[in-house]
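> To convert, note that position 14 of the sequence shown is 18 in the numbering used here; the numbers rise steadily by one, no gaps.
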Amino acid sequence: LEPERSLTAEIGYEIGGGTNPFRAKFTAYHTWLRKVIVRRDGTLPNQRNFFVSRGDTLLVQTNVNAESARVYGTDLVLSWHPTKHWQLHTEAHALWGKRRQLAPDGGLLHLPQDHIPPPYGATRLTYANGAWQISIRLRYQLAKAYEDYAVSAITGSAASGYTLDRTGTSDNLELTPFLETENRFNGSYGWWTLGSSAEWEVDNAWVIRLKVDNVFDRHYRTFASGVSAPGIDVGIGVGKEF
């Protein structure tokens with residue numbers, strides 16, 4: 005196993021700011037990776053491809069070098085102050101990744117890179133007036149299709165057709181819903197959630213805060229997580245500055 009090597013290029017452009025009520029910042033980047041490290045099925049020194057731990061049978065995987073990969077994406081941040089009291093802030097992020105990986109017959113395949121989340125972002129509307137500040141925030145993440153998940157194992161040949169196993173990678177495809185009719189995992193569903201918060205500065209020392217996350221009690225999971233996010237969450241707090 006050899007270390008990864010990377011080369012990154014980045015460009016950005018920003019307008020507004022200062023006395024301008026509107027501000028926008030755009031960033032694009034591209035990273036080239038050599039000897040990129042990927043996860044692949046392997047064997048133990050006794051040639052077994054599994055071992056038993058605490059009664060659970062676990063498959064053996066190992067880190068190996070693929071040929072190369074590239075990761076590229078964009079970030080967009082917008083901020084608008086239409087009046088002294090109102091502010092609208094939004095940001096969106098998109099990332100893509102591809103890698104070149106050898107098949108057992110020597111063929112070079114272009115496959116999705118792992119650790120690549122689907123596009124995501126957030127928008128927040130804030131009203132501030134004296135001791136009061138109230139905000140509403142929308143968070144979202146788009147879906148990630150089965151075909152966009154990384155590959156852990158390649159079998160077959162160019163003549164007979166390759167079979168790609170997408171389970172067992174850090175993308176955690178096997179933690180997404182399973183489609184019985186197609187005998188495969190679905191991939192991540194898209195989701196959005198709405199939250200709100202309020203803050204009242206009672207005096208120069210005391211602050212009261214109230215928050216409500218996931219107002220509509222939506223069920224969702226962030227990318228590569230096998231744990232569902234919390235449902236509606238209400239909290240209140242009192243703080244004192246010293």
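Backbone N, C-alpha and C define an ideal beta-carbon position, used for all residues, glycine too.
Can you check DSSP and say which residues form a bridge with aspartate 60?
Taking the first residue of the sequence shown as position 1, residue 60 is located at position 56. In DSSP, aspartate 60 forms a bridge with Ser57.
> Determine the closest residue to serine 161 out of Arg128, Gln117, Ile138, Leu113, with distance taken between C-alpha atoms.
On the sequence shown, position 157 is the one that residue 161 refers to. Nearest of Arg128, Gln117, Ile138, Leu113 to serine 161, Cα basis: Leu113.
> How many whole angstroms separate the CB atoms of isoleucine 138 and tyrosine 131, which I take to be in contact at a CB cut-off of 8 Å?
Numbered from 1 along the sequence shown, position 134 holds the residue referred to as residue 138. Numbered from 1 along the sequence shown, position 127 holds the residue referred to as residue 131. About 5 Å; that satisfies the 8 Å criterion.
> Can you check the region 78-163 for any beta strand (DSSP E) of at least 3 residues that lies completely inside it and give the ranges in chain order?
With a minimum length of 3 residues, the continuous beta strand (DSSP E) runs that stay inside the region 78-163 are 90-106, 112-116, 124-133, 136-145, 157-161.
> Quick one: is serine 192 buried, meaning 16 or more other Cβ sit within 10 Å of its Cβ, or exposed?
For the purposes of this step, residue 192 is identified with residue 188 of the sequence shown, where counting begins at 1. Looking at its Cβ environment, which holds 16 or more other Cβ atoms inside 10 Å, serine 192 is buried.
> Quick one: give me the first and last residue of the beta strand (DSSP E) that lysine 39 is part of.
One-based indexing of the sequence shown puts residue 39 at position 35. No beta strand (DSSP E) holds lysine 39; DSSP gives it neither H nor E.
> Starting from the C-beta of leucine 106, find all residues in its chain whose C-beta is less than 7 Å away, skip the five residues before and the five after it, and write them out in chain order.
As a first step, residue 106 must be located in the sequence shown, where it is residue number 102. Excluding sequence neighbours, leucine 106 sits near Glu71, Leu112.
> Mark isoleucine 120 as exposed unless 16 or more other C-beta atoms lie within 10 angstroms of its C-beta, in which case mark it buried.
Within the sequence shown, the letter at position 116 stands for residue 120. Buried: at least 16 other Cβ atoms inside 10 Å.
> From this set, Thr167, Arg27, Thr47, Ser201, which residue's C-alpha is nearest leucine 115's C-alpha?
Numbered from its first residue, the sequence shown carries residue 115 at position 111. Comparing Cα positions, the closest option is Thr167.
> Could you pull the start and end residues of the beta strand (DSSP E) that glycine 65 belongs to?
Counting from one through the sequence shown, the residue named residue 65 turns up at place 61. One point to set straight first is that residue 65 is glutamine, not glycine, in the sequence displayed. Per DSSP, glutamine 65 belongs to the beta strand (DSSP E) from 65-69.
> In or out: serine 156 buried (at least 16 other Cβ within 10 Å) or exposed?
If you number the sequence shown from 1, residue 156 lands on position 152. Label assigned to serine 156: buried.
> Could you say which of Ala135, Thr159, Asn69, His93 lies nearest to glutamine 2 if we only look at CA atoms?
Residue 2 cannot be examined here, being either before or after the span of the chain that is shown, 5 to 246.
> Going by other Cβ atoms of all chains shown within 10 Å of its Cβ, with 16 needed for buried, is leucine 63 buried or exposed?
As a working note, residue 63 is residue 59 in the sequence shown. The residue in question, leucine 63, is exposed, as its Cβ has fewer than 16 Cβ neighbours within 10 Å.
> Helix, strand or coil: which one does DSSP assign to glutamate 178?
Translated into positions along the sequence shown, residue 178 becomes position 174. Helix.
> May I have the straight-line CA-CA distance separating glycine 46 from arginine 9, to the nearest angstrom?
The sequence position of residue 46 within the sequence shown is 42, counting from 1. The sequence position of residue 9 within the sequence shown is 5, counting from 1. Distance between the alpha carbons of glycine 46 and arginine 9: 24 Å.
> Buried or exposed: phenylalanine 227, going by 16 or more other Cβ atoms within 10 Å of its Cβ?
By 1-based counting over the sequence shown, the position of residue 227 is 223. Phenylalanine 227 is buried by the Cβ-count criterion.
> Confirm, please, whether the CB-CB distance from valine 211 to glycine 243 is below 7 Å.
Translated into the one-based positions of the sequence shown, residue 243 becomes position 239. Translated into the one-based positions of the sequence shown, residue 211 becomes position 207. A contact, by the Cβ cut-off of 7 Å.
> By DSSP, does serine 232 sit in helix, in strand, or in coil?
In the sequence shown, counting from the first residue as 1, residue 232 sits at position 228. Three-state result, serine 232: coil.
> Find the nearest neighbour of glutamine 91 within the set Gly230, Phe26, Ala163, Gly20, judged by alpha-carbon distance.
As a first step, residue 91 is located in the sequence shown; it is residue number 87 there, counting from the start. It is Phe26 whose Cα lies nearest to the Cα of glutamine 91.
> Measure the beta-carbon distance from alanine 73 to valine 40 and round it to whole angstroms, keeping in mind my assumption that it falls under 8 Å.
In the sequence shown, residue 73 corresponds to position 69, counting from 1. In the sequence shown, residue 40 corresponds to position 36, counting from 1. Right, their Cβ atoms sit about 4 Å apart.
> I need the straight-line Cα distance from leucine 80 to leucine 48, nearest angstrom please.
Taking the sequence shown and counting its residues from 1, the one referred to as residue 80 is at position 76. Taking the sequence shown and counting its residues from 1, the one referred to as residue 48 is at position 44. Roughly 46 Å between the two C-alpha positions.
> Quick check: the Cα distance between glycine 101 and histidine 34, rounded to an integer number of angstroms?
Walking along the sequence shown from the start, residue 101 turns up at place 97. Walking along the sequence shown from the start, residue 34 turns up at place 30. The alpha-carbon atoms of glycine 101 and histidine 34 are separated by roughly 10 Å.
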